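Numbering (the working numbering), first residue to last: 67 to 532.
Written as structure tokens, this is what we have:
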């Protein structure tokens with residue numbers, strides 16, 4: 067069956083495949099996604115594989131793209147084709163199929179076709195896609211318009227203050243009990259009755275959930291996983307208990323702490339700050355390079371951490387996305403791209419977590435960027451400074467220049483020009499070694515107590531996401 071007229075060549079040259087793999091601009095100068103970005107957009111492997119199987123011209127009709135609007139009809143097993151609309155600038159997805167996953171396999175398939183250069187630019191969108199785009203634009207306009215009666219009444223303010231005070235009281239009581247528990251663990255000895263140690267920590271975690279201190283509960287669950295079979299468990303458990311004790315004491319003495327440290331303590335305990343409130347603070351405009359992301363499951367919530375760095379300010383930033391119910395978080399920040407935007411930072415110290423405010427345009431693939439990487443000593447000094455400001459910090463973003471080598475024991479190390487080295491950890495070590503090819507380059511990643519977890523490499527002036 068011949069391709070519909072809206073499809074271009076199905077064959078990609080090797081150079082095209084490389085450009086798609088690393089998110090570079092495709093032929094024609096548009097801002098097409100890379101195949102890797104489509105892989106990451108799929109909510110799970112099942113949808114990704116199903117989307118790949120559907121990424122052929124046969125079931126598709128009325129396919130096209132105009133501006134940031136991608137659209138097409140996909141023939142399924144029924145009589146009526148599914149209508150698929152995607153705003154790639156969001157990204158936002160719409161499909162008439164009954165799937166509860168976003169994006170569904172039809173949307174993922176359409177993205178694959180577009181990423182591979184098999185969809186042509188159209189002057190006018192299909193009616194169903196144009197209507198969906200118009201409805202969304204109307205919703206955005208209504209959301210942005212000032213609404214009357216949004217200010218809370220004095221009675222509502224008083225009720226909100228009472229709820230906040232009640233929660234503080236519950237956290238006070240819960241952490242007072244936790245302080246006694248921690249003291250008992252140390253007094254009895256960590257190795258005493260170690261078979262039941264994990265259960266004790268899990269029980270305390272449940273109590274912290276009841277006390278509305280979810281951040282403390284997460285730390286207790288992490289401690290419950292440090293069993294006697296874990297290498298170097300006494301040191302790891304002692305360190306974790308020490309940090310937890312420090313957090314409890316900081317909460318109990320919060321009236322004596324500076325405001326920025328109080329904000330940090332509250333964040334680690336589990337209090338959140340609304341994005342709407344963060345957006346009212348002064349912003350930092352810059353062109354922000356998206357260096358990497360990492361997904362994790364925390365207390366039945368999926369968390370996506372996206373790391374950015376300002377080209378002009380050199381400032382690092384962390385933007386977080388959340389999803390409940392086992393869904394994969396979706397974000398409009400893709401590693402290997404840069405966006406002109408104003409970031410607003412959460413209260414606390416050091417300032418790192420941010421919310422994206424105004425954006426100038428859709429993110430663009432990074433074509434040339436040659437940052438100056440830190441030495442290992444400088445990166446460690448930055449980590450120590452951040453840790454001094456926030457003793458409960460797990461990692462700090464770093465750009466480190468050096469040569470990645472494999473050590474005799476099977477691990478990896480990054481050695482800088484001065485001969486100093488830092489361990490390189492995580493699943494991206496082998497890809498990083500292949501990309502660097504034995505040459506010195508700048509590695510981006512998260513530096514913590516166990517080493518540098520790399521997420522990208524800058525080879526010359528080319529950013530390669532791992």
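Glycine included, every Cβ here is placed at the ideal spot set by N, Cα and C. Model, not experiment: these values are computed from the prediction.
What span of residues does the beta strand (DSSP E) with residue 220 cover, start to end? Within the chain shown, numbered from 1, the residue matching residue 220 stands at position 154. First-last for residue 220: 220-254, but that is the alpha helix (DSSP H), not the beta strand (DSSP E).
Using the Cα positions of residue 264 and residue 238, report the straight-line distance between them to the nearest angstrom. Taking the chain shown and counting its residues from 1, one reaches residue 264 at position 198. Taking the chain shown and counting its residues from 1, one reaches residue 238 at position 172. Rounded to whole angstroms, residue 264 to residue 238 spans 24 angstroms at the Cα level.
Find the nearest neighbour of residue 136 within the set 462, 461, 193 and 143, judged by alpha-carbon distance. Your numbering for residue 136 matches position 70 in the chain shown. The candidate whose alpha carbon is nearest that of residue 136 is 193.
Give the DSSP bridge partners of residue 472, in chain order. Looking up residue 472 in the chain shown gives position 406. Residue 472 is bridged to 478.
Nearest-angstrom Cα distance between residue 363 and residue 394? For this step, residue 363 is matched to residue 297 along the chain shown. For this step, residue 394 is matched to residue 328 along the chain shown. Computed Cα separation, rounded: 10 angstroms.
For the candidate residues 336, 441 and 275, whose alpha-carbon lies nearest to that of residue 487? For the purposes of this step, residue 487 is taken as residue 421 along the chain shown, with counting starting at 1. Proximity to residue 487 across 336, 441 and 275 peaks at 441, based on C-alpha coordinates.
Does the Cβ-Cβ distance between residue 127 and residue 139 come in under 8 angstroms? As a first step, residue 127 must be located in the chain shown, where it is residue number 61. As a first step, residue 139 must be located in the chain shown, where it is residue number 73. Yes. Within cutoff.
Give the DSSP-derived three-state secondary structure of residue 199 in the structure shown. Counted from its first residue, the chain shown places residue 199 at position 133. Helix at residue 199.
Cβ neighbour criterion (16 or more within 10 Å) applied to residue 197: As a first step, residue 197 must be located in the chain shown, where it is residue number 131. Here residue 197 is exposed. Its C-beta has fewer than 16 other C-beta atoms within 10 Å.
8 angstroms Cβ cutoff met for residue 344 and residue 252: By one-based count along the chain shown, residue 344 stands at place 278. By one-based count along the chain shown, residue 252 stands at place 186. No, Cβ-Cβ distance for residue 344 and residue 252 is not below 8 angstroms.
Return the chain-ordered list of same chain residues with a C-beta closer than 6 angstroms to the C-beta of residue 93, the five sequence neighbours on each side being excluded. Reading the chain shown from its first residue, position 27 is the one you call residue 93. Below a pLDDT of 50, predicted positions are generally treated as unreliable, and residue 93, at 29, falls in that range; the measurement from the model is reported next regardless. Same-chain partners within the cutoff: there are none.
According to DSSP, residue 354 sits in a beta bridge with which residue or residues? Along the chain shown, one-based indexing puts residue 354 at 288. Its beta-bridge partners are 376 and 405.
Opposite residue 160 in the DSSP bridges: which residues? What you label residue 160 is simply residue 94 of the chain shown in a count that begins at 1. BP columns for residue 160 point to 151.
Nearest-angstrom Cα separation, counted from residue 217 out to residue 328: What you label residue 328 is simply residue 262 of the chain shown in a count that begins at 1. What you label residue 217 is simply residue 151 of the chain shown in a count that begins at 1. About 27 angstroms.
Tell me whether the beta-carbon of residue 470 lies closer than 8 angstroms to the beta-carbon of residue 447. Taking the first residue of the chain shown as position 1, residue 470 is located at position 404. Taking the first residue of the chain shown as position 1, residue 447 is located at position 381. Result no, Cβ atoms of residue 470 and residue 447 do not sit closer than 8 angstroms.
Using a threshold of 8 angstroms, state whether the C-beta atoms of residue 131 and residue 187 are closer than that. Against the chain shown, residue 131 aligns to sequence position 65. Against the chain shown, residue 187 aligns to sequence position 121. For residue 131 and residue 187, yes; Cβs fall inside 8 angstroms.
Does residue 519 pass the burial test, meaning 16 or more other C-beta atoms within 10 Å, or should it be called exposed? Your numbering for residue 519 matches position 453 in the chain shown. Classification for residue 519: buried.
Comparing C-alpha positions only, which one of 309, 516 and 145 sits nearest to residue 458? Residue numbering aside, residue 458 sits at position 392 when the chain shown is read from its first letter. Answer by Cα proximity: 309.
So does the region 167-179 actually touch the region 103-120, counting three or more Cβ pairs closer than 8 angstroms? Yes: at least three Cβ pairs fall under 8 angstroms.
Range of the contiguous beta strand (DSSP E) that encloses residue 132: For the purposes of this step, residue 132 is taken as residue 66 along the chain shown, with counting starting at 1. Unbroken beta strand (DSSP E) run through residue 132: 126-132.
Which of the three DSSP states is assigned to residue 349 in this structure? In the chain shown, the residue the question calls residue 349 occupies position 283. Residue 349 falls in the coil class under three-state DSSP.
As an exercise, report each continuous alpha helix (DSSP H) stretch of at least 4 residues that is fully enclosed by the region 312-349, in chain order. 325-335 and 341-344
Quick one: grab the DSSP three-state call for residue 306. Within the chain shown, numbered from 1, the residue matching residue 306 stands at position 240. Three-state result, residue 306: helix.
Excluding five sequence neighbours on each side, which residues of the same chain lie with their C-beta closer than 6 angstroms to the C-beta of residue 336? Numbered from its first residue, the chain shown carries residue 336 at position 270. Closer than 6 angstroms at Cβ, skipping near neighbours: 279, 280 and 281.
Name, in chain order, the residues that DSSP records as bridge partners for residue 425. Locating residue 425 in the chain shown gives position 359, where the first residue counts as 1. Per DSSP, 407.
Please name the residue or residues paired with residue 386 in a DSSP beta bridge. By one-based count along the chain shown, residue 386 stands at place 320. For residue 386, which the question treats as bridged, DSSP gives the partners 371.
With DSSP as the reference, label residue 286 as helix, strand or coil. By 1-based counting over the chain shown, the position of residue 286 is 220. Here residue 286 sits in helix by DSSP.
Mapping the DSSP letters down to three states, classify residue 366 as helix, strand or coil. For this step, residue 366 is matched to residue 300 along the chain shown. Coil.
Hey, would you say residue 390 sits closer than 8 angstroms to residue 371, going by beta carbons? Counting from one through the chain shown, the residue named residue 390 turns up at place 324. Counting from one through the chain shown, the residue named residue 371 turns up at place 305. Result no, Cβ atoms of residue 390 and residue 371 do not sit closer than 8 angstroms.
Which residues in the same chain have their Cβ closer than 6 angstroms to the Cβ of residue 351, if we skip the five residues on either side of it in sequence? Here residue 351 refers to the residue found at position 285 of the chain shown. Same-chain partners within the cutoff: 408.
For residue 410, count neighbouring Cβ atoms within 10 angstroms of its own Cβ and tell me buried if that reaches 16, exposed if not. As a working mapping, residue 410 is identified with position 344 in the chain shown. Flag for residue 410 reads buried.
Check for me: the beta strand (DSSP E) holding residue 529 runs from which residue to which? One-based indexing of the chain shown puts residue 529 at position 463. Start and end: 528-531.
Mind checking which residues open and close the beta strand (DSSP E) that includes residue 521? As a first step, residue 521 is located in the chain shown; it is residue number 455 there, counting from the start. Run containing residue 521: 517-525, per the beta strand (DSSP E) assignment.
CA-to-CA distance, residue 399 to residue 295, given in whole angstroms: Translated into the one-based positions of the chain shown, residue 295 becomes position 229. Translated into the one-based positions of the chain shown, residue 399 becomes position 333. Taking the straight line joining both Cα atoms gives about 39 angstroms.
If you draw a straight line from the C-alpha of residue 489 to the C-alpha of residue 514, how long is it? Taking the first residue of the chain shown as 1, we reach residue 489 at position 423. Taking the first residue of the chain shown as 1, we reach residue 514 at position 448. Those two C-alpha atoms are separated by around 10 angstroms.
For residue 494 versus residue 453, is the C-beta distance shorter than 8 angstroms? The sequence position of residue 494 within the chain shown is 428, counting from 1. The sequence position of residue 453 within the chain shown is 387, counting from 1. No, the pair does not count as a contact, with Cβ atoms beyond the cut-off.
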